[in-house]
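Peer 1:
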Amino acid sequence: MRIVRVALDIPLSTLFDYLLAENMTVVEGQRVVVPFGRKHIVGVVIAITQHSEVAAERIKEVVQILHDVLPLPAETLKLLQFCSDYYHHPIGMTVLSALPTRLRGSEPVKLKQALTYTLSASGCALNPAEWPKRKAVQLRVLTALQQGRQSAAQLKTISSTAPAALKQLIADGWVEASASVAASGNFTFNEEHQLSAEQQTAVDVVNRITGYHTFLLHGVTGSGKTEVYVHLLQQVLQRGGQVLLLIPEINLTPQLENYFRSRFPDTELVSLHSGLNEGERTQNWLLAQSGRARIILGTRLAVFTPLPQLALIIVDEEHDASFKQQDGLRYSARDVAIFRANQRGVPIVLGSATPSLESYYNARNGRYTLLKLSERASQQAQLPSVRCLNISNAILPQGISSGVLAALDERLQRGEQSLVFINRRGYAPVLMCSACGWLSGCPNCAGKMVLHLKDRRMRCHHCGHQTKVPHACPSCGNVDLQPVGIGTQRIETALQAHFPEARILRVDRDSTRNKGTWNAMRKQIQDEAVDILVGTQMLAKGHDFHNLTLVCVLNPDSALYSRDFRASEKLFAQLAQVAGRAGRGNKPGEVLIQTSFPEHPVFNALRTHDYDAWAATLLAEREQAGFPPFVFQVLLRAEGKLEAEVYDFMQQARNEAVGLAMQVEIYGVVPAALPRRANHIRIQLLVQSDTRKNLQQFLRVWRPMLDAMPAKKLRWSLDIDPQEL
Ligand code: ADP
Ligand code: ZN
Ligand code: ZN
Numbered sequence: 005m006r007i008v009r010v011a012l013d014i015p016l017s018t019l020f021d022y023l024l025a026e027n028m029t030v031v032e033g034q035r036v037v038v039p040f041g042r043k044h045i046v047g048v049v050i051a052i053t054q055h056s057e058v059a060a061e062r063i064k065e066v067v068q069i070l071h072d073v074l075p076l077p078a079e080t081l082k083l084l085q086f087c088s089d090y091y092h093h094p095i096g097m098t099v100l101s102a103l104p105t106r107l108r109g110s111e112p113v114k115l116k117q118a119l120t121y122t123l124s125a126s127g128c129a130l131n132p133a134e135w136p137k138r139k140a141v142q143l144r145v146l147t148a149l150q151q152g153r154q155s156a157a158q159l160k161t162i163s164s165t166a167p168a169a170l171k172q173l174i175a176d177g178w179v180e181a182s183a184s185v186a187a188s189g190n191f192t193f194n195e196e197h198q199l200s201a202e203q204q205t206a207v208d209v210v211n212r213i214t215g216y217h218t219f220l221l222h223g224v225t226g227s228g229k230t231e232v233y234v235h236l237l238q239q240v241l242q243r244g245g246q247v248l249l250l251i252p253e254i255n256l257t258p259q260l261e262n263y264f265r266s267r268f269p270d271t272e273l274v275s276l277h278s279g280l281n282e283g284e285r286t287q288n289w290l291l292a293q294s295g296r297a298r299i300i301l302g303t304r305l306a307v308f309t310p311l312p313q314l315a316l317i318i319v320d321e322e323h324d325a326s327f328k329q330q331d332g333l334r335y336s337a338r339d340v341a342i343f344r345a346n347q348r349g350v351p352i353v354l355g356s357a358t359p360s361l362e363s364y365y366n367a368r369n370g371r372y373t374l375l376k377l378s379e380r381a382s383q384q385a386q387l388p389s390v391r392c393l394n395i396s397n398a399i400l401p402q403g404i405s406s407g408v409l410a411a412l413d414e415r416l417q418r419g420e421q422s423l424v425f426i427n428r429r430g431y432a433p434v435l436m437c438s439a440c441g442w443l444s445g446c447p448n449c450a451g452k453m454v455l456h457l458k459d460r461r462m463r464c465h466h467c468g469h470q471t472k473v474p475h476a477c478p479s480c481g482n483v484d485l486q487p488v489g490i491g492t493q494r495i496e497t498a499l500q501a502h503f504p505e506a507r508i509l510r511v512d513r514d515s516t517r518n519k520g521t522w523n524a525m526r527k528q529i530q531d532e533a534v535d536i537l538v539g540t541q542m543l544a545k546g547h548d549f550h551n552l553t554l555v556c557v558l559n560p561d562s563a564l565y566s567r568d569f570r571a572s573e574k575l576f577a578q579l580a581q582v583a584g585r586a587g588r589g590n591k592p593g594e595v596l597i598q599t600s601f602p603e604h605p606v607f608n609a610l611r612t613h614d615y616d617a618w619a620a621t622l623l624a625e626r627e628q629a630g631f632p633p634f635v636f637q638v639l640l641r642a643e644g645k646l647e648a649e650v651y652d653f654m655q656q657a658r659n660e661a662v663g664l665a666m667q668v669e670i671y672g673v674v675p676a677a678l679p680r681r682a683n684h685i686r687i688q689l690l691v692q693s694d695t696r697k698n699l700q701q702f703l704r705v706w707r708p709m710l711d712a713m714p715a716k717k718l719r720w721s722l723d724i725d726p727q728e729l
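Mind the numbering: the sequence shown is residues 5 to 729 in the working numbering, read in order.
(1) Write down every uninterrupted run of the beta strand (DSSP E) in the stretch 293-365 whose length is 3 residues or greater and which is fully enclosed by it, in chain order.
(2) What is the DSSP secondary structure of Ala487, counted as helix, strand or coil?
(3) Quick one: what does DSSP say Gln692 is sitting in, helix, strand or coil?
(4) Which same chain residues end up closer than 6 Å to Asn194 when comparing Cβ atoms and leaving out the 5 residues on each side of it in sequence?
(5) Check whether the Cβ of Gly451 sits closer than 7 Å to any heavy atom of ligand 3, and report yes or no.
(6) Just to confirm, are Leu107 and Arg344 a CB contact at a threshold of 8 Å?
(7) I'd like to know if the stretch 265-280 and the stretch 325-333 are in contact, where contact means that at least 3 CB-CB pairs between them fall below 8 Å.
(8) Suppose you measure from the CA of Thr621 to the CA of Glu627; what does that come to, to the nearest Å?
(9) Tell me which residues pass a beta-carbon proximity test against ligand 2: closer than 5 Å to any heavy atom, given in chain order.
(10) To the nearest whole angstrom, what separates the beta carbons of Pro351 and Ile251, a pair I think is in contact under 8 Å?
(11) What residue ranges within the stretch 224-262 form continuous beta strand (DSSP E) runs of no fewer than 3 residues, ordered along the chain?
(12) Shortest alpha-carbon distance to His456 belongs to which of Arg513, Leu149, Leu579?
(13) In this structure, how does DSSP classify Met436 when only helix, strand and coil are distinguished?
(14) Which residues does DSSP pair with Ala183 in a beta bridge?
(15) Could you pull the DSSP bridge partners for His222 from this structure?
(16) Strictly by DSSP, which residues pair up with His217?
(17) Kindly indicate which three-state DSSP category Lys160 falls into: helix, strand or coil?
(18) Mind checking Lys43: buried by the 16 CB within 10 Å criterion, or exposed?
(19) Could you check the C-alpha separation between Asp339 and Val207 for me, to the nearest Å?
(20) For a quick check, are the C-beta atoms of Leu374 and Leu220 less than 8 Å apart?
(21) Taking 7 Å as the cut-off, is the C-beta of Glu202 nearer than that to any heavy atom in ligand 1?
(22) Below 8 Å between beta carbons: does that hold for Arg588 and Gly226?
(23) Based on the DSSP output, what are the partners of Trp720 in its beta bridges?
(24) Tell me the rounded alpha-carbon separation between Gly244 and Val145.
(25) Does ligand 1 have even one heavy atom less than 7 Å from the beta-carbon of Ala183?
(26) Return the CA-CA distance between Glu270 and Gln259, expressed in angstroms with no decimal places.
(27) Using a threshold of 7 Å, is the CB atom of Gly682 nearer than that to any non-hydrogen atom of ligand 3?
(28) Just checking my contact of Leu689 with Arg658 at CB under 8 Å: how many whole Å lie between their CB atoms?
(29) Comparing C-alpha positions only, which one of Val307, Gly41, Pro167, Leu119 sits nearest to Leu103?
(30) Rounding to the nearest angstrom, what Cα-Cα distance links Leu199 and Gln541 in this structure?
(31) Going along the chain, which residues of its own chain have a beta-carbon closer than 7 Å to the beta-carbon of Ala183, five neighbours each way excluded?
(32) Can you tell me the Cβ-Cβ gap for Cys467 and Cys437, rounded? I've got them flagged as a contact below 8 Å.
(33) When burial is assigned at 16 or more other CB atoms within 10 Å of the CB, is Val408 buried or exposed?
(34) For my contact list, Pro560 and Leu579 are in at a C-beta cut-off of 8 Å; report their separation, rounded to the angstrom.
(35) By Cβ distance below 6 Å, which residues in the same chain neighbour Val234 in space, the five residues on each side in sequence not counted?
(36) Please tell me whether Ala11 and Ile63 are closer than 8 Å, where the distance is taken between their beta carbons.
And the structure:
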């Protein structure tokens with residue numbers, strides 16, 4: 005009797021046993037179709053054995069073995085097992101969530117023959133004057149091909165209609181398709197910059213290591229971390245290896261993709277992120293798994309991709325909160341990447357201008373090696389000067405001080421770009437009645453309805469509830485309703501009224517909702533068709549706009565009152581990032597921060613660009629208070645419609661924890677930061693310990709107790725190493 009133990013997408017912490025028919029052969033990591041309840045579903049074989057705990061007459065047979073793609077390698081299965089254990093998430097759900105959606109189904113998928121394109125002999129002979137007159141996209145495709153061989157994916161970044169243009173050009177005989185691509189170890193590298201001494205040292209130090217080691221590349225904004233990555237990539241590619249490069253945001257991928265493609269034009273590069281359609285994502289995953297793709301550029305979900313030749317992992321902007329998944333398997337892609345590098349025995353580089361305190365602490369205590377880039381890479385570019393504008397006594401009806409207006413005016417006169425940063429979309433965060441003090445609360449949440457004046461709606465950013473803007477106060481009938489506070493739309497409107505001639509562009513989640521809009525906007529900014537950018541944190545990261553010389557931060561103060569102990573760490577990182585957008589070209593940059601607390605240490609640290617001193621202060625505070633990175637935490641969250649039931653569950657969970665008398669510290673049951681969302685009461689319980697080991701030991705006993713507790717009408721989850729409290 006041959007039994008396979010199968011991981012299924014079922015919320016139970018167990019594998020499922022199935023019988024293998026006589027004629028079936030299967031290996032671990034292969035996908036199989038099995039009966040479950042009344043359905044047939046796809047699972048992954050984790051083990052093959054002779055015995056089962058399940059009674060023989062109850063074991064069902066495997067229906068089908070899927071041979072369309074290679075099985076998951078043992079290494080990937082081990083990585084997923086580790087994640088399931090560490091994050092206390094069911095093994096089956098962990099394994100299945102690591103697969104692209106197509107592979108969770110039984111429809112066969114196939115790695116398509118990837119073609120690349122070059123100019124044909126007649127295409128080469130053609131001089132640009134004879135190029136087809138009508139189609140702009142055709143011209144851009146031809147221009148791109150003049151630079152050399154391009155893949156379909158590369159050409160598609162030109163325009164969404166590039167595939168059609170390409171087809172026409174092939175039909176007309178100007179372009180030829182052929183199977184790809186550079187053989188490993190033999191590739192083109194476009195060297196663009198002579199590395200600075202600091203960059204060269206960083207590259208050399210990492211290159212000396214071939215086994216596992218974690219490096220923290222701490223480089224100020226604009227110091228050329230990307231260039232360090234490029235040179236590390238070059239070394240790895242030369243040895244025939246694959247590189248996994250993790251980045252936080254989807255909206256940065258097209259930019260970085262183009263950047264790396266331009267430097268390694270004939271190396272197969274794929275991106276993996278949730279912005280791809282299912283077909284593209286599956287193809288890219290298969291290219292990575294087959295070893296054909298050499299550079300894998302992805303957001304957090306890419307960390308699980310099987311990579312047979314993996315030789316280096318890079319995590320860019322390692323401090324970024326988006327590396328932590330906030331539902332399902334609540335993993336930190338950075339931490340999983342470190343585990344993976346260790347498992348595989350390869351180096352990993354964590355890069356940031358504002359490292360997380362966890363990583364910085366590890367670099368300080370010698371577990372990681374610290375590499376520093378202390379100056380901007382380009383000779384002319386200097387770090388911006390940072391100044392606080394004290395607004396504690398000012399009345400700012402539109403939220404913009406005269407100092408900011410004057411600075412913007414100066415940039416307009418000089419034909420330079422400015423960025424006005426405000427982390428709130430919409431027009432105003434709340435509407436208020438000036439007679440009775442009524443506030444536009446959401447009926448379903450503890451939060452407020454945000455005024456969106458552009459489409460005349462009130463919207464809750466927590467649950468999505470919307471209404472029309474009320475004409476009169478629902479409480480007293482007064483018609484004088486006042487928007488309170490500022491959002492991007494209000495700032496855009498106010499600035500447009502003040503500078504009627506200026507070309508103002510608002511960039512936030514509302515204005516970039518449609519696919520492709522953000523790309524078009526970025527081009528507009530690059531082409532200097534914009535004078536003033538008004539935007540949220542979408543604009544803070546990674547962008548390199550050379551004519552941008554002024555950054556104004558309008559309302560950072562609310563973060564100073566937050567109850568989250570990480571709030572000031574995050575504020576510093578965010579402001580340092582956004583400040584880092586200024587003065588990246590050859591003109592000096594300036595940063596103005598409107599605040600009522602100009603003497604606050606966080607602003608001092610920004611003024612002096614002294615991350616080390618700031619981090620030392622924070623670490624001392626954390627150690628004193630007993631917070632991470634000096635302790636390890638788990639957060640139990642629960643939510644449900646019935647307040648009593650949610651509290652009963654939590655209280656019982658707490659009692660069980662206390663009863664265990666293990667080496668953990670157990671806090672009280674408290675409401676979540678948003679105590680009610682979409683009509684659900686939300687509460688939480690924090691448990692922490694001095695060591696990871698003690699915390700994990702505790703969780704191994706506590707978790708089954710939670711599973712056994714009645715929880716019919718509520719949802720609960722465990723968040724290990726939570727990033728938001
Ligand atoms: P970071 O990621 O550290 O913020 P980037 O990698 O975006 O910095 O580099 C900032 C700018 O400096 C880019 O325009 C890049 O082309 C340029 N640059 C990088 N390295 C060098 C170098 N060695 N010499 C000159 N310019 C460089
Ligand atoms: Zn009223
Ligand atoms: Zn709501």
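Where is the CB? At the ideal position from N, CA and C, for every residue including glycine.
Peer 2: Checking against the coordinates, here is how it stands:
(1) DSSP assignment within the stretch 293-365 yields the following whole beta strand (DSSP E) runs of 3 residues or more, N-terminal first: 299-302, 314-320, 351-356.
(2) The count along the sequence shown starts at 1 and reaches residue 487 at position 483. Per the sequence shown, residue 487 should be read as Pro rather than Ala. Looking at Pro487 - three-state DSSP - the assignment turns out to be strand.
(3) On the sequence shown, residue 692 is found 688 positions in, with the first residue counted as 1. Note: Gln692 maps to strand in three-state DSSP.
(4) Position 190 of the sequence shown, counted from the first residue, corresponds to residue 194. Cβ within range, chain order: Arg267.
(5) On the sequence shown, residue 451 is found 447 positions in, with the first residue counted as 1. A heavy atom of ligand 3 is found nearer than 7 Å to the CB of Gly451.
(6) Counting from one through the sequence shown, the residue named residue 107 turns up at place 103. Counting from one through the sequence shown, the residue named residue 344 turns up at place 340. Cβ atoms of Leu107 and Arg344: not closer than 8 Å.
(7) Between the stretch 265-280 and the stretch 325-333, the count of C-beta pairs closer than 8 Å stays below three; the two stretches do not touch.
(8) Indexing the sequence shown from 1 puts residue 621 at position 617. Indexing the sequence shown from 1 puts residue 627 at position 623. Approximately 10 Å, taken between the alpha carbons.
(9) The set, ordered by position in the chain, is Cys437, Ala439, Cys440, Trp442, Cys477, Ser479, Cys480, Asn482.
(10) For the purposes of this step, residue 351 is taken as the residue at position 347 of the sequence shown. For the purposes of this step, residue 251 is taken as the residue at position 247 of the sequence shown. Contact flag wrong, Cβ pair sits at about 18 Å.
(11) The qualifying runs are 246-250.
(12) As a working mapping, residue 456 is identified with position 452 in the sequence shown. It is Arg513 whose Cα lies nearest to the Cα of His456.
(13) The residue labelled residue 436 in the question sits at position 432 within the sequence shown. Strand at Met436.
(14) One-based indexing of the sequence shown puts residue 183 at position 179. Answer by DSSP bridge pairing, in chain order: Leu119.
(15) As a position in the sequence shown, residue 222 is number 218, starting the count at 1. Ser356, Lys376, per the DSSP bridge assignment.
(16) Taking the first residue of the sequence shown as position 1, residue 217 is located at position 213. DSSP, once it has assigned bridges, lists Pro351 as partnering His217.
(17) Counted from its first residue, the sequence shown places residue 160 at position 156. Three-state result, Lys160: helix.
(18) Start at 1 with the first residue of the sequence shown, and residue 43 comes out as number 39. A residue is called buried when at least 16 other Cβ atoms come within 10 angstroms of its Cβ; Lys43 does not meet this threshold and is exposed.
(19) Start at 1 with the first residue of the sequence shown, and residue 339 comes out as number 335. Start at 1 with the first residue of the sequence shown, and residue 207 comes out as number 203. Near 22 Å, if we compare the C-alpha coordinates of Val207 and Asp339.
(20) Indexing the sequence shown from 1 puts residue 374 at position 370. Indexing the sequence shown from 1 puts residue 220 at position 216. Going by C-beta atoms, Leu374 is nearer than 8 Å to Leu220.
(21) Along the sequence shown, one-based indexing puts residue 202 at 198. Not under cutoff, so the answer is no.
(22) Within the sequence shown, residue 588 is the residue found at index 584, counting from 1. Within the sequence shown, residue 226 is the residue found at index 222, counting from 1. Yes.
(23) Here residue 720 corresponds to residue number 716 of the sequence shown, with the count starting at 1. Paired residues: Ala642.
(24) If you number the sequence shown from 1, residue 244 lands on position 240. If you number the sequence shown from 1, residue 145 lands on position 141. Their Cα atoms are separated by approximately 30 Å.
(25) Here residue 183 refers to the residue found at position 179 of the sequence shown. Relative to ligand 1, even the nearest heavy atom lies 7 Å or more away from the CB of Ala183.
(26) Translated into positions along the sequence shown, residue 270 becomes position 266. Translated into positions along the sequence shown, residue 259 becomes position 255. Reading off the sequence shown, one finds Asp at residue 270, where the question assumed Glu. Going from the Cα of Asp270 to the Cα of Gln259 covers about 18 Å.
(27) Here residue 682 refers to the residue found at position 678 when the sequence shown is read from its first residue. The sequence shown places Ala at residue 682, rather than the Gly named in the question. Indeed, a heavy atom of ligand 3 lies less than 7 Å from the Cβ.
(28) For this step, residue 689 is matched to residue 685 along the sequence shown. For this step, residue 658 is matched to residue 654 along the sequence shown. With a Cβ gap of about 6 Å, Leu689 and Arg658 count as contacting.
(29) If you number the sequence shown from 1, residue 103 lands on position 99. The candidate whose alpha carbon is nearest that of Leu103 is Val307.
(30) The residue you call residue 199 lines up with position 195 of the sequence shown. The residue you call residue 541 lines up with position 537 of the sequence shown. If I take the Cα positions, the gap works out to 30 Å.
(31) The sequence position of residue 183 within the sequence shown is 179, counting from 1. Result list for Ala183: Gln117, Leu119, in chain order.
(32) Sequence index remark: in the sequence shown, residue 467 carries index 463 (1-based). Sequence index remark: in the sequence shown, residue 437 carries index 433 (1-based). Going by Cβ atoms, the distance from Cys467 to Cys437 rounds to 23 Å, so no, they are not a contact pair.
(33) In the sequence shown, the residue the question calls residue 408 occupies position 404. Buried, by the Cβ-count rule.
(34) Position 556 of the sequence shown, counted from the start, is the residue given in the question as residue 560. Position 575 of the sequence shown, counted from the start, is the residue given in the question as residue 579. The Cβ separation is near 6 Å, so the contact holds.
(35) In the sequence shown, residue 234 corresponds to position 230, counting from 1. Hits under 6 Å: Arg267.
(36) For the purposes of this step, residue 11 is taken as the residue at position 7 of the sequence shown. For the purposes of this step, residue 63 is taken as the residue at position 59 of the sequence shown. It is not a contact, given that the beta carbons lie outside the stated cut-off.
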